[in-house]
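Those protein sequences? They're chains A and B, same order as listed. First residue of the first sequence: 80, per our numbering; consecutive thereafter. First residue of the second sequence: 22, per our numbering; consecutive thereafter. Built from N, CA and C at the ideal position, the CB exists for glycine as well. Some notes on the structure that comes next.
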Amino acid sequence: MTANGAVEQSFYDQVLEATPNGERLRLCLQCGDCSGICPFGYLMIHPPSRMIANLRADRFEKVLDTDTVWMCVSCYACTAVCPVQIPLTPGLMARTKEELILAGNVPAELQSALENSQRYGNPLGESPRKRADWATGIVPEVKILGKIKKKVDVLWFVGDYPSYHPRVQSITKALTKVLNALGVDFGILGPEESSDGDSQRLAGERGLFEMLAEKNGAVFSKYEFNEIITTDPHAYNAIKNEYPGLEISYPIRHYTEFLADRLDQLKPLLKHALKAKVTYHDPCYLGRANEIYDQPRAILQAIPGLELLEMSHNHKNSLCCGGGGGGMWLDGFQWEKAHVRLSEWRIAEALATGAEILAVACPYESPRFEDAAKTVQGAGQLKVRDIAELLVEAMGN
Amino acid sequence: MNIVILVKLVPDLVEELTVDTSGIALDTAWLRLIINEFDDHAIEQGILLKERGGGQVTVVAADIEGVDDVLFTAAAKGADRLIKVKADFTGVNNHALARAFTTVIKELQPDLVLTGVQANNDLDGSLGPLLAGCLEMPYVGYLSGVSLAEGKTKVRKEYPGGLIAEMDVTLPAVLGIQAAEQPPRYVAVSKVRQVMKTSTIEERTVSGLDMTGGPTLARMFQTEAGQRATMITGSPDEVAAKLVGIFKELGVL
Chain A
80 MTANGAVEQS FYDQVLEATP NGERLRLCLQ CGDCSGICPF GYLMIHPPSR
130 MIANLRADRF EKVLDTDTVW MCVSCYACTA VCPVQIPLTP GLMARTKEEL
180 ILAGNVPAEL QSALENSQRY GNPLGESPRK RADWATGIVP EVKILGKIKK
230 KVDVLWFVGD YPSYHPRVQS ITKALTKVLN ALGVDFGILG PEESSDGDSQ
280 RLAGERGLFE MLAEKNGAVF SKYEFNEIIT TDPHAYNAIK NEYPGLEISY
330 PIRHYTEFLA DRLDQLKPLL KHALKAKVTY HDPCYLGRAN EIYDQPRAIL
380 QAIPGLELLE MSHNHKNSLC CGGGGGGMWL DGFQWEKAHV RLSEWRIAEA
430 LATGAEILAV ACPYESPRFE DAAKTVQGAG QLKVRDIAEL LVEAMGN
Chain B
22 MNIVILVKLV PDLVEELTVD TSGIALDTAW LRLIINEFDD HAIEQGILLK
72 ERGGGQVTVV AADIEGVDDV LFTAAAKGAD RLIKVKADFT GVNNHALARA
122 FTTVIKELQP DLVLTGVQAN NDLDGSLGPL LAGCLEMPYV GYLSGVSLAE
172 GKTKVRKEYP GGLIAEMDVT LPAVLGIQAA EQPPRYVAVS KVRQVMKTST
222 IEERTVSGLD MTGGPTLARM FQTEAGQRAT MITGSPDEVA AKLVGIFKEL
272 GVL
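Structure representation (structure tokens):
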């Protein structure tokens, strides 16, 4: 990017066209709400409102000369607060990151996650052949569609971290128990599943996102199923809102939506009281990005004995765990700039409620919050549990 | 400056390696190949040289599965010419590869040939010195920097014990790259896809590879525990308990 006005204008146009309703960028009032609510806005040389001002003034190279847009965790806080509804997160922020990637300005940790996603179909750099290894030994056997070659009612899109991350695998196994207890006819793609690509897209790697989406789309079309459910709000967001733009359209629900619809069937299974104070963290891509606030809470409240408390930031105003938009792969970079983790702020909030358990519904969160709980004073006793794990506990398994 | 970079695809260690029924070769059924990490550094070093002083970068590789992606990625980073060498590479060794590439590289009349200093499947020595021998060019390996100034080529060679030597090299020469001056760059998927539409991969055919000088394999096997070693297996808790037991037995605890 140069100071050339024509180039600047074309970048402005690209940002406007980058996302549905992108043209709303023209309506910016420069109120600064976006920069104020951004959890890392105070560290950005050019927080969102100033980025827009620079864009309008044909001085966007000033923004591209800095690397602070990598502090953006795509949490949708700016987008949700904007009085004129500018889609900042998927538009300007992602497009700016894309420009930095094209210019080769990529923090090393993010680079390896992107390269891994490209080569192995997952950002962790694990063997794609081992994607279903978490299911080894589970009875009844978890159906892998490529093996059984039969129609299933529900295709479970497991996701990257639920498939590979040792902590998150236990949540994946917990959800398997819940689905089996409900008699759901489900199958997984196993080695044929690739990363949903959503966090890579929001980290600016649009081409990689499209490549991964096309791979998943091709696999979806091979099998027969009635709907997709997923453990990962990022996968949910991608398949629900982004894949249709690539002509990959399937009905999808997050597992909390799916289970909330089966509460009548689920409740009788929850025989063991869980006498605990629990607070629930709204994942950005379930809450702000997709407005699913009630279903996870309804499931939690169905657990006998459980007392649900709210943190000061909740629902639309929830605080990000710091993992979105590439944040999962920018821990070192962000620590250098901030010397604090967003997950630590959230743990402190959870503690302030008096809760004994922090309930989560996104695979990024358990490892992030458990790590944070180790460093926040007084958080040693706070347990981090996915809703699926709490259900299994209440089922007495 | 005419720079030729020779790259090899090697077994990707993310996948577990297994030995096939012959007992002297890897089972290729599940083998995935990946660019040799040091060759990736050689590409980066070549592109850096071009960016600093101009010239042409040609990347040459054997035509095996996955080579097109490797070559197009190199083009997206800034390589100008892409060549794949076709031959029957079954059971190939580095001696044969060096001979096969010699004809192709001679035709390109390079000033500088860059390649990774080593690879995980070098059973008969690394490729660089073998190639230099065939091309009758000097070779310097274990380099972590190359600069071209006033007609002189200076290289930075790493020695054990933290010693670094700077030396002048007479061109043409073959250089074995240990590390480029900066980590290999990231290239966006969209850029690679664009390059795939606009670049072409040239082909050269080499018939009858000469394997002379390569190793004769007697047996290929996974690392085996030595007689004096005890391998502790089990879950982390079980392993910890067994370790504590052993420490107690030895009087350490």
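C-beta neighbour in chain A for residue i, strict 8 Å
{"i": "Lys-212/B", "result": "yes"}
{"i": "Pro-257/B", "result": "no"}
{"i": "Arg-177/B", "result": "no"}
{"i": "Ala-201/B", "result": "no"}
{"i": "Arg-73/B", "result": "no"}
{"i": "Ala-209/B", "result": "yes"}
{"i": "Pro-17/B", "result": "Only positions 22 to 274 of chain B appear in this structure, which leaves residue 17/B out of reach."}
{"i": "Pro-204/B", "result": "yes"}
Minimum Cβ-Cβ distance from residue i to chain B less than 8 Å
{"i": "Met-407/A", "result": "no"}
{"i": "Met-290/A", "result": "yes"}
{"i": "Tyr-359/A", "result": "no"}
{"i": "Tyr-199/A", "result": "yes"}
{"i": "Gly-411/A", "result": "no"}
{"i": "Ala-381/A", "result": "no"}
{"i": "Thr-81/A", "result": "With a pLDDT of 45 at Thr-81/A, under the threshold of 50, the modelled position of that residue is not reliable, and no figure is offered here."}
{"i": "Gly-204/A", "result": "yes"}
Cut-off 7 Å between Cβ atoms - residues of its own chain near residue i, not counting five sequence neighbours on either side
{"i": "Ala-41/A", "result": "Chain A is shown from 80 up to 476; residue 41/A falls before or after that span and cannot be answered."}
{"i": "Gly-84/A", "result": "Low per-residue confidence applies at Gly-84/A: pLDDT is 45, beneath 50, and the placement is therefore not dependable, though the value from the model is reported in the following sentence. Same-chain partners within the cutoff: Asp-137."}
{"i": "Thr-94/B", "result": "Val-208 and Val-213"}
{"i": "Val-190/B", "result": "Pro-159, Val-161, Thr-174 and Val-176"}
{"i": "Val-471/A", "result": "Ala-253, Lys-256 and Val-257"}
{"i": "Leu-287/A", "result": "Leu-193, Ser-196, Gln-197, Gly-276 and Gln-279"}
{"i": "Ser-168/B", "result": "Lys-175"}
{"i": "Leu-95/A", "result": "Gly-101, Glu-102 and Leu-104"}
{"i": "His-116/B", "result": "Asp-145, Leu-151, Met-232, Thr-233, Gly-234 and Gly-235"}
{"i": "Leu-38/B", "result": "Pro-32 and Leu-47"}
{"i": "Phe-242/B", "result": "Val-40"}
Chain-ordered neighbours of residue i on chain C, where CB pairs are closer than 8 Å
{"i": "Arg-208/A", "result": "The structure shown contains no chain C; its protein chains are A and B."}
Short Cβ contact (8 Å threshold) for residue i with residue j
{"i": "Val-208/B", "j": "Ala-97/B", "result": "yes"}
{"i": "Ile-24/B", "j": "Val-81/B", "result": "no"}
{"i": "Ala-467/A", "j": "Leu-254/A", "result": "yes"}
{"i": "Glu-386/A", "j": "Lys-356/A", "result": "yes"}
{"i": "His-313/A", "j": "Asp-340/A", "result": "no"}
{"i": "Val-163/A", "j": "Asp-112/A", "result": "no"}
{"i": "Leu-325/A", "j": "Leu-268/A", "result": "no"}
{"i": "Thr-123/B", "j": "Leu-152/B", "result": "yes"}
{"i": "Asp-90/B", "j": "Asn-114/B", "result": "no"}
{"i": "Gly-120/A", "j": "Pro-166/A", "result": "no"}
{"i": "Leu-92/B", "j": "Leu-133/B", "result": "no"}
{"i": "Gly-137/B", "j": "Asn-57/B", "result": "yes"}
{"i": "Leu-179/A", "j": "Lys-416/A", "result": "no"}
{"i": "Glu-449/A", "j": "Arg-285/A", "result": "no"}
{"i": "Leu-52/B", "j": "Glu-36/B", "result": "yes"}
{"i": "Ile-131/A", "j": "Val-233/A", "result": "no"}
{"i": "Asp-239/A", "j": "Ser-206/A", "result": "no"}
{"i": "Gln-66/B", "j": "Ala-201/B", "result": "yes"}
{"i": "Leu-148/B", "j": "Lys-29/B", "result": "yes"}
{"i": "Thr-168/A", "j": "Leu-281/A", "result": "yes"}
Sequence-distant residues of the same chain with beta carbon closer than 6 Å to residue i, five excluded per side
{"i": "Leu-134/A", "result": "Tyr-91"}
{"i": "Ala-97/A", "result": "Gly-170 and Arg-174"}
{"i": "Pro-241/A", "result": "Val-247, Thr-251, Thr-310 and Pro-442"}
{"i": "Ser-220/B", "result": "Ala-96"}
{"i": "Gly-204/A", "result": "Asn-195"}
{"i": "Gly-402/A", "result": "Tyr-443 and Arg-447"}
{"i": "Lys-229/A", "result": "none"}
{"i": "Leu-106/A", "result": "Val-163"}
For this session: Taking only beta carbons into account, state which residues of the region 80 to 112 of chain B come closer than 8 Å to chain A, listed in chain order.
Result: none
Exercise. Which runs of the beta strand (DSSP E) spanning at least 3 residues fall entirely within the region 107 to 167 of chain B, listed in chain order?
Worked result: 133 to 137
For this session: Could you name the residues of the region 173 to 195 of chain A whose beta carbon sits closer than 8 Å to any beta carbon of chain B, in the order they occur along the chain?
Result: Glu-177, Ile-180, Leu-181, Gly-183, Val-185, Ala-187, Gln-190, Leu-193 and Glu-194
Problem set entry | Contact residues within the region 274 to 289 of chain A, judged by C-beta distance below 8 Å to chain B | Glu-284, Arg-285, Gly-286, Leu-287 and Glu-289
Exercise. If you scan the region 412 to 476 of chain A from start to end, which runs of the alpha helix (DSSP H) of 4 or more residues do you find wholly inside it?
Worked result: 421 to 431, 444 to 454 and 466 to 474
Exercise. If you scan the region 237 to 271 of chain A from start to end, which runs of the beta strand (DSSP E) of 3 or more residues do you find wholly inside it?
Worked result: 265 to 267
Problem set entry | Contiguous alpha helix (DSSP H) assignments of at least 4 residues, all confined to the region 304 to 356 of chain A | 312 to 316, 334 to 339 and 342 to 345
For this session: Jot down the residue ranges of each uninterrupted beta strand (DSSP E) in the region 366 to 391 of chain A, minimum 3 residues, whole runs only, in chain order.
Result: Entirely contained in the region 366 to 391 of chain A, the beta strand (DSSP E) runs reaching 3 residues are, in chain order, 385 to 388.
Problem set entry | Runs of beta strand (DSSP E) wholly within the region 27 to 95 of chain B (minimum 3 residues, chain order) | 30 to 32, 54 to 56 and 77 to 83
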